[in-house]
Every structure is written in structure tokens, then in C-alpha cells.
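Note that the protein sequences, when read in sequence, are chains E and F. All residue numbers for the first sequence refer to our numbering, where the first residue is 610 and numbers rise by one. All residue numbers for the second sequence refer to our numbering, where the first residue is 107 and numbers rise by one. Note sheet for the following structure.
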Amino acid sequence: MRLALEEIGVVIDGRAILDDVSLEIGAGERLALLGPSGSGKSTALRVAAGLQRPSTGRVLLDGANVTGVPPHRRGIGLVFQDAALFPHRDVAGNVGFGPRVAYLPEAERDGRVVEALALVGLAGMERRDVTTLSGGEAQRVALARALAPRPGVLLLDEPLGALDGPLRQRLQDDLRGLFERLALTVVHVTHDVGEAFAIGDRVAVLRDGRIAQVATPEALWARPADEWVARFLGMANVFSDGEHATVVRPEAVGVLPGEGAVVVAADRDGPVVRLRVREDGGRELEAVVVGVDVPRVGERVAVDVDPRGVVDVALWRPEMPGRG
Amino acid sequence: MDRDRRALSAAGRAATVVLPVAFLAVFFAWPLGAILGRGLVVDGRPDVPFDVLTASTTRDVAWFTLWQAAVSTVLTLIAALPLAWALSRFRFPGRSLVEALVLVPFVLPTVVVATAFVALLPDGVERSVWAILLAHVFFNVAVVVRIVGAFWAGLDQRLWDAAATLGASPADRQLRVTVPLLAPALASAASIVFLFCFTSFGVILILGGPRYSTLETEIYNQAARLFDLRTAAALGLLQLAAVAAAVLVSGRLERRLGGGRRRGEAARRPVGGERIAVAVVVLGSLGLLALPPVALVLRSLQVGAGYGLDHFSALAHETPALFVAPWHAIFNSLLFSTAATAIALAVGIPAAVAVASGRRGLDVALMLPLGASAALLGFGFLLAFDDPPLDLRSSPAIVPLAQALVALPFVVRSLVPALRALDVRLREAAAILGASPAQVRREVELPLLARPLAVAAGLAFAVSLGEFGATIFVVRADWPTVPVAIFRFLGRPGEANSGAAMALCVVLMALVAAVALLSERALVRRRPR
């Protein structure tokens with residue numbers, strides 16, 4: 610199923626939460642909606658789900674206007690950040706809720722529950738009390754619950770936000786595998802760049818209620834639309850003189866034995882080490898090296914920038930300071 | 107945030123407000139207005155009853171009202187604090203049972219408590235200031251244990267740990283950490299107990315005899331016994347002003363309680379000498395609290411020099427004390443309480459929905475009947491519904507209406523937190539999964555609210571069963587409720603009458619216990635793990 614938001618605006622208490630947001634998600638496509646907190650990601654999701662009436666614009670499902678259709682008639686699934694499981698029902702009662710309110714025959718209902726729980730790796734957990742579930746289990750049950758009615762579009766609102774560490778990584782991998790296997794149309798909201806890149810076929814970056822850029826992860830990394838997007842993606846080498854802005858992607862900065870710069874910081878993240886080097890001219894650059902035989906802090910080095918990694922980007926100034 | 111805008115439509119919201127407001131206007135504002143009118147207007151001209159207000163008898167009554175409430179409050183705090191300490195700081199086998207037992211006196215009808223002290227105390231002391239004070243303590247220990255204990259249990263254990271690492275001795279910690287932290291809870295509990303004792307009616311009427319009366323009982327004496335409505339109304343004005351001041355103070359103190367605590371269970375097993383202290387406090391308190399009800403049951407079984415069920419079997423026969431056989435009173439009480447519960451729920455549910463969706467003004471208005479004191483309400487009913495357009499004086503319907511008004515704050519108070527706790531996202535999740543609004547109500551909201559609804563109904567029923575202050579003003583002589591019948595029996599001499607009062611008290615106690623048990627059942631079954 611295709612989902613489209615057309616020129617969506619949402620004004621709450623006189624404040625523009627979303628402003629002219631247009632997004633198209635093709636059938637079977639996975640879109641990651643990425644933005645800092647307060648950028649309007651969740652509101653966009655609530656508009657798509659029908660929980661928030663947009664002030665302007667339309668929501669289309671397979672080309673049909675569903676802007677005025679209440680959530681329970683949209684056939685869209687939504688996974689909340691902290692699961693929002695029904696405390697008065699067990700796991701099967703939660704997962705079977707959608708089929709139940711759709712008055713499916715009991716045998717089919719049970720079949721859906723078993724199927725959905727198997728999909729999320731919780732087969733056999735039907736009779737568990739939801740209040741005894743761990744955070745990861747609860748989130749899987751919430752996912753199974755959203756899948757059981759077989760929605761045409763699945764929306765996820767920071768589904769990994771309440772989890773941490775290896776658990777988070779595992780569920781992220783599982784989610785991606787599941788989305789690919791089921792060929793679901795997915796909108797996945799997150800504030801985590803890595804998660805957005807891992808899950809999304811395309812990534813839409815939202816800033817202060819507006820779309821800043823929509824692109825594949827590769828295109829986004831190669832050509833961030835402006836200096837704000839570059840910084841938000843985690844790029845440190847953004848230089849601006851007020852008229853032009855340039856981004857030097859860290860992997861394009863070569864660090865060799867030699868002269869001309871000094872290492873001022875080295876932070877290891879697994880196999881990768883992020884280096885900060887200060888050129889004798891005063892400019893500081895971030896570089897990425899791998900392995901264990903890497904320059905140390907204080908070492909003199911030579912810096913070699915690959916011109917293919919240098920990108921001119923648009924300047925960005927907040928139009929209305931303090932609005933975000 | 108937008109998600110706080112409840113799913114209620116504008117029309118739905120208006121509807122939830124109209125019914126409670128109309129009910130309060132007719133059955134609360136109008137009766138109080140009638141008291142004001144009777145007290146301040148004579149023959150269509152304004153007339154402030156200075157003569158009544160400045161009379162020495164009024165001064166004596168007001169003074170007694172004030173000091174008995176103050177002394178009762180202090181005694182209650184002293185009696186309750188050890189128990190609050192033991193129950194909030196320590197875990198021990200049977201603690202939840204003890205907590206439940208401590209609450210029992212508070213749900214007992216005032217008439218039962220007063221009669222129990224008549225049964226317990228030796229002749230001569232049974233109708234004295236001491237009896238009044240003791241009965242108030244017995245009644246209100248639960249309030250202090252509940253409020254202070256909950257606060258105490260929620261205090262962050264790490265505060266004491268921090269104080270200890272900073273060099274504070276155990277005594278220092280109590281003095282410099284516990285006392286200042288508990289102060290708001292103590293003040294709040296004290297103000298509530300003071301309000302209860304200030305407006306105490308049944309206890310004073312029964313235990314005070316003719317010698318001691320408070321503003322509350324004096325209103326009844328003037329209105330119902332001496333038929334001096336002007337004096338009664340003047341005293342009503344005084345009581346209204348005093349109560350309004352007390353409610354204001356206690357409301358302010360209660361608000362100071364909010365925020366900054368609730369860090370989970372800090373209770374631990376007692377060690378060493380603490381074990382003895384906790385055991386002495388808990389067993390001693392329970393033993394003292396058990397004395398009055400046990401004395402009551404024993405006296406109800408006492409026939410002459412021996413024991414028997416004679417007083418209970420006598421309830422089937424007509425007596426000169428009532429116009430009907432006493433068992434009629436039991437039937438009347440059940441009937442009235444059922445009707446009162448239905449009314450309180452019909453008004454209280456929409457009211458709670460409106461309050462939970464953010465109508466603070468209504469919240470305050472709904473709590474007023476609680477503060478306005480039952481006797482004031484009863485007296486107001488007497489004045490307001492005496493003649494057309496609403497002549498309810500001769501109608502039995504006036505009793506459940508008055509009782510519903512008294513029960514209403516309890517219904518709203520028990521429903522609002524549950525409604526507020528209803529997670530909006532659960533409703534949204536259900537809608538997303540395809541549930542229509544009707545299905546959301548049936549499949550999500552109702553199951554989640556079943557338990558608080560059962561509690562609210564149980565409370566309303568128990569409060570109505572025991573209601574005395576308002577009922578005594580409006581009840582018809584041939585339709586007595588159990589508390590009214592008890593009062594009538596106690597007012598007559600002889601063993602048969604006092605025996606009948608004791609027996610009826612035991613019946614009433616059993617009824618209240620049954621209701622409490624039933625709604626507690628609902629509580630236990632649905633308690634989330």
C-alpha cells in the first residue's frame with residue numbers, strides 16, 4: 610500500500626508543529642523519518658495514523674484521500690515508543706485485539722496471534738501477563754499486535770527508544786529482517802542517525818516541522834542538503850564563512866606519517882578510531898582510521914584530503930530563531 | 107500537548123458538566139441558600155441575628171466545638187504516629203492485613219462508633235468529654251495512618267543514607283530529616299482530622315448527652331427539638347463560615363503535599379530491638395482498636411446476667427421506640443442506600459469524567475458537600491424542600507437524595523484518579539487496531555475502570571448505610587433507617603432498648619463489612635501484578 614502526505618500543516622495552540630510536509634512512501638518501501646526531538650516526527654506519524662487531524666493538507670492511501678477517515682477505519686498499524694500494551698489482557702489478548710474488534714472468526718483470530726508472535730520471535734508466549742514482560746519483549750508484543758490485523762502500512766514511533774545496548778541492536782536487526790521479509794510499507798520514526806540509515810530505504814530529515822532533505826542513506830551522506838543536515842548526521846568538518854559552506858567527509862581525510870598537523874584527540878569506537886587533527890594553519894579536521902596501529906594524541910602527522918570528499922552545501926540559518 | 111485533548115466532543119463535555127452542576131445547584135446550593143435566607147432575612151428585610159451570635163450559650167457551644175476538635179486532633183496524632191511509623195517503614199508478615207484492619211474504624215458509621223463506646227465505657231464515663239475524645243481518636247487514627255504513612259513510605263530511603271554518610275546520628279536523622287519531611291503530611295492529616303471532629307455529629311449527639319453540644323448538634327437541637335429555625339439558621343451561618351475556613355486551610359495544606367517524593371518502597375524487615383518495638387506498636391494498636399467493637403458485640407449478646415440472641419430476635423417485633431418493627435429499618439436502610447448509590451453514581455460518573463478532563467472548578471464544587479457537614483445539608487434540605495416547587499418533606503425520596511449528596515465526593519474522589527490514569531495511548535492503540543469508539547469503551551476503558559467503579563459503588567453504599575447527620579433531619583418517623591433507629595433506642599431507658607440499639611449496631615457493622623469485603627474483592631481480583 611502506498612502512503613502519501615500532501616502539504617501537511619499542523620497548528621496546535623497557535624504553534625506550527627508541521628509546516629508544508631509532503632512525503633511519498635511507495636508500496637513495500639521503508640522510509641525512516643529522522644529528526645531531533647521536537648521536530649514534529651511523532652506528529653507526522655499521528656497525522657498518517659489519523660490520531661491527529663492536520664490543519665491543512667491531505668493524507669492519501671493508494672491514492673485515496675483518507676484525511677477525514679478515523680484511525681480505526683484506516684487499516685494502518687502503529688507501534689508506540691513504550692509499547693502501550695493493554696494491562697488488562699495477556700499477550701494473546703493484546704495481539705488478538707485487532708482481529709477481535711474486526712469480528713474475525715475465533716479460529717482465524719488464534720491463527721493470527723500464533724503467526725504474529727512467531728514473526729517477532731515470541732512463539733508460545735500467548736498466556737504471559739503483559740506486566741511481567743521485559744522491555745524488549747513488550748516491544749515485540751506491541752509489534753506483533755500491530756502486525757496481527759495485517760495493516761497495509763506500518764508506522765513505528767521510536768520503537769527502540771526505550772531500549773538500550775545490545776538489545777536495541779538485536780531488535781533493530783530483527784525489525785529490518787522482518788520488514789524485508791513481509792515487504793511492508795513502513796514509516797519508522799527515530800532520532801538516531803544509525804538506526805535511520807539501517808532501517809530506511811530512504812531517509813527523510815525533519816527540522817522544525819519542515820522536511821530538510823529526503824534521500825537514500827548513501828545520497829544523504831554524500832550530499833547533505835545544508836550545513837545543519839551535515840552536522841545533524843554527525844559530520845564534524847563543516848566550514849562556513851557566512852557566504853559559502855563546505856563539508857569535508859571524515860573518511861576523505863587521510864592521516865599519514867609526516868608533518869603539517871598534530872593529533873589532538875583520538876576516540877575509539879570498536880574497530881574505528883575518530884581522530885581530531887589540528888593543521889598548523891589552525892583548522893581542525895575529523896578523520897576516521899581503522900585498526901590498532903593508529904596515530905596517538907600529540908603525534909605529528911600529514912593530512913591529505915581527497916577532493917571527492919569535499920562538498921559544497923547550502924548555508925542554513927534558522928528563519929525564526931528559537932522556534933525549534 | 108495535543109494528546110491531552112480528550113476524545114470527548116464538545117457536546118459530550120458539556121453533557122458531563124450539566125448533570126452534576128444541576129444536581130449540585132438544586133440539592134446543595136439551594137438548601138445552603140435557604141439556610142442563609144432564613145438566618146439573614148426576616149419578613150423580607152435583611153436582619154443579621156446578632157443576638158443569637160453573641161449569646162453566651164452560642165459562645166459556649168462554639169468554644170466547646172473548637173477545643174474538643176483541637177484536643178481530639180492532637181490525641182489522634184499521638185495515638186496514630188507510632189502505627190504509621192511501624193506500617194510505613196517496615197515489612198513484616200501480615201502487614202497488609204493490619205493495614206486493612208486499621209481502616210475499619212473509619213468506615214464504621216458514626217452511630218456505631220458512638221454506641222460501641224457506650225458499650226465499652228463504664229457507667230458515668232460513657233457520656234462525657236472523655237468518651238467523645240476517645241471516640242474521635244478511634245475514628246480518625248486511620249486517617250493519620252493513611253496520609254502520614256503513605257507519605258512516610260514514599261520518602262526516599264537514600265535521604266537517610268545520605269544524612270548518615272554526612273555524619274548524622276540516628277536521632278539527628280529523625281530530627282533533621284524525618285520531622286521536616288513529614289511536616290506537610292502531618293499538617294494535612296491534622297487539618298482533615300480537625301475538620302472531621304469539628305463537624306462531628308453522631309458521636310457528640312450520642313456521647314455528649316444533653317450536657318455537651320457542638321455547633322453541629324446545636325443546630326439539630328434548635329431545629330428538630332425546639333423548632334427555633336431562626337436560631338438554628340444563625341448557628342448554621344457560623345458553622346458554614348468556620349467550615350469554609352477549615353476547608354480552605356486543609357486544601358492549601360494538602361496541595362503542599364504534592365510532588366518530590368514517591369520513590370518506591372523503602373520498607374524493610376525490622377531488626378533487633380525494632381522487632382519488639384514494631385510488635386508492641388502493631389499489636390497494642392490493634393488491641394485498642396478492637397476493644398470498642400468487641401464490647402459492642404458482647405453487649406448485644408448480653409441478656410440479663412447471661413448471654414443470648416434475645417436482642418436480635420426482638421428486632422422482629424414492634425416497639426414503642428419506633429413506629430415500626432426494627433427489622434423494617436434494616437429494609438429501609440438497604441433500600442435507601444441502593445437508591446442513593448444509584449443517584450451518586452449517575453451524578454458522580456459524569457462529574458468524574460468532567461473533572462478528569464480538567465475542570466478544576468467542578469472538582470472544588472463537588473468536594474464542598476464533604477466539608478459542608480451532614481447536619482447542615484440535612485437542615486438545608488428541611489428548609490428548602492418544605493414547600494412548593496419542590497415539596498419533598500413527606501416523600502421518602504428525600505432521604506436517598508441527601509445521602510447521595512453526602513456520598514458524591516467519595517464517588518468522584520475514587521473515580522478521578524483512575525480516569526486520569528487511563529493512558530490516552532491505550533485508547534489510541536485500540537483505535538489504530540480497528541476498534542470503533544464504542545469498542546474502545548467496551549474493550550479497553552470499561553475493563554480498566556471496572557475496579558474503581560466497584561470501589562466507588564461500594565463506598566457510596568457504605569457511606570449511605572451509615573449516614574446519620576443529614577438523614578436524621580429529613581427522615582420520616584415511620585421510615586427510620588438503621589442509624590436513626592439506633593439513635594431512637596439509645597434515647598430511651600431500659601435494657602431492652604439499649605440491647606436493641608446494640609443488636610442493630612452489630613447488624614449495621616456486618617452490612618458495612620460485607621459491602622467493604624465485596625468491593626475489596628473487586629480490588630484484589632483486578633490488582634495488576
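Virtual Cβ for every residue (Gly too), placed ideally from N, Cα, C.
query, result
"Within the same chain, show all residues whose beta-carbon is closer than 6 Å to that of isoleucine 934 of chain E, passing over the 5 residues directly before and after it, in chain order.", "One cannot answer for residue 934 of chain E here, as it falls past the ends of chain E, which runs 610 to 933."
"Beta-carbon of alanine 658 of chain E versus every beta-carbon of chain F: anything under 8 Å?", "yes"
"Please state if the CB of alanine 481 of chain F and the CB of glycine 575 of chain F are separated by a distance shorter than 8 Å.", "yes"
"Under 8 Å, with one C-beta from each stretch per pair, do the region 451-462 of chain F and the region 562-574 of chain F reach the 3-pair mark?", "yes"
"At what residues does the alpha helix (DSSP H) containing glutamate 549 of chain F begin and finish?", "From DSSP, glutamate 549 of chain F is part of no alpha helix (DSSP H); its letter is neither H nor E."
"Consider the Cβ of isoleucine 685 of chain E: report whether some Cβ of chain F lies at a distance smaller than 8 Å.", "yes"
"Could you compute how far the alpha carbon of threonine 320 of chain F sits from the alpha carbon of serine 463 of chain F?", "39 Å"
"Looking at the strands, I want to know which residues DSSP matches up with tyrosine 413 of chain F.", "F:Gln408"
"Residues of chain E with a CB under 8 Å from the CB of arginine 531 of chain F: which are they?", "Phe689, Ala693"
"So, is the C-beta of histidine 681 of chain E closer than 8 Å to a C-beta in chain F?", "yes"
"Any idea if proline 866 of chain E is buried or exposed, counting beta-carbon neighbours within 10 angstroms, 16 or more meaning buried?", "exposed"
"For arginine 369 of chain F, does the three-state DSSP call read helix, strand or coil?", "Low confidence applies here, because arginine 369 of chain F scores a pLDDT of 49, under 50, leaving its location unreliable; read the following figure in that light. Arginine 369 of chain F falls in the coil class under three-state DSSP."
"What residues of chain F sit near histidine 697 of chain E, judged by a beta carbon separation below 7 Å?", "Pro553, Leu554"
"Assuming contact is defined by CB atoms lying nearer than 8 Å, are leucine 395 of chain F and phenylalanine 133 of chain F in contact in what I supplied?", "no"
"Does the Cβ of asparagine 674 of chain E have 16 or more other Cβ atoms within 10 Å, making it buried, or fewer, making it exposed?", "exposed"
"Mind listing the chain E neighbours of alanine 541 of chain F? Cutoff is C-beta to C-beta under 7 Å, in chain order.", "His681, Val710"
"In the structure shown, what three-state DSSP assignment does arginine 819 of chain E receive?", "strand"
"Distance check for glycine 412 of chain F and aspartate 334 of chain F, CA to CA, integer angstroms please.", "45 Å"
"Anyone know if the C-beta pair for leucine 343 of chain F and leucine 554 of chain F falls short of 8 Å?", "no"
"To be precise: take each residue of the region 734-762 of chain E, compare its Cβ to all Cβ atoms of chain F, and keep it if any distance is under 9 Å. Which residues remain?", "Asp738, Thr740, Thr741, Ala751, Arg754, Ala755, Ala757, Pro758, Pro760"
"When you compare only the Cα positions, how much space is there between leucine 415 of chain F and valine 224 of chain F?", "20 Å"
"Closest Cβ-Cβ distance between alanine 562 of chain F and chain E: below 8 Å?", "no"
"Whose C-beta lies closer than 7 Å to the C-beta of glycine 745 of chain E among residues of the same chain, with five residues either side of it excluded?", "Leu772, Leu776, Leu780"
"Where in the region 262-323 of chain F do unbroken runs of the alpha helix (DSSP H), each at least 4 residues long, occur, reported from the N-terminal end onward?", "263-271, 276-279, 285-304, 308-313"
"Say whether chain F places a C-beta atom closer than 8 Å to the C-beta of phenylalanine 841 of chain E.", "no"
"Within 10 Å of its beta-carbon, does serine 419 of chain F have 16 or more other beta-carbons around it, so buried, or fewer, so exposed?", "exposed"
"Taking arginine 885 of chain E as part of the beta strand (DSSP E), name the residues at either end of that continuous run.", "881-888"
"Excluding the 5 residues flanking isoleucine 617 of chain E on each side, which residues of the same chain have their C-beta closer than 6 Å to its C-beta?", "Leu627, Val630, Val656, Pro663, Gly666"
"Would you say isoleucine 253 of chain F lies against chain E (beta-carbon separation less than 8 Å)?", "no"
"Whole beta strand (DSSP E) runs in the region 740-794 of chain E with 3 or more residues, listed along the chain?", "762-766"
"Excluding sequence positions up to five away, which residues of its chain have a Cβ less than 6 Å from the Cβ of alanine 460 of chain F?", "Thr122, Val123, Leu468"
"Does DSSP put asparagine 846 of chain E in a helix, a strand or coil?", "coil"
"Mind checking if alanine 535 of chain F is an interface residue toward chain E, Cβ cutoff 8 Å exclusive?", "yes"
"Residues of chain E with CB under 7 Å from glutamine 545 of chain F, in chain order?", "Val710"
"Is the shortest distance between the beta-carbon of glycine 931 of chain E and the beta-carbons of chain F less than 8 Å?", "Annotation note: pLDDT 44 at glycine 931 of chain E (below 50); position unreliable, coordinate value reported separately. Output row for glycine 931 of chain E: interface = no."
"Flag this pair as yes or no: are the beta carbons of arginine 840 of chain E and threonine 825 of chain E separated by less than 8 Å?", "no"
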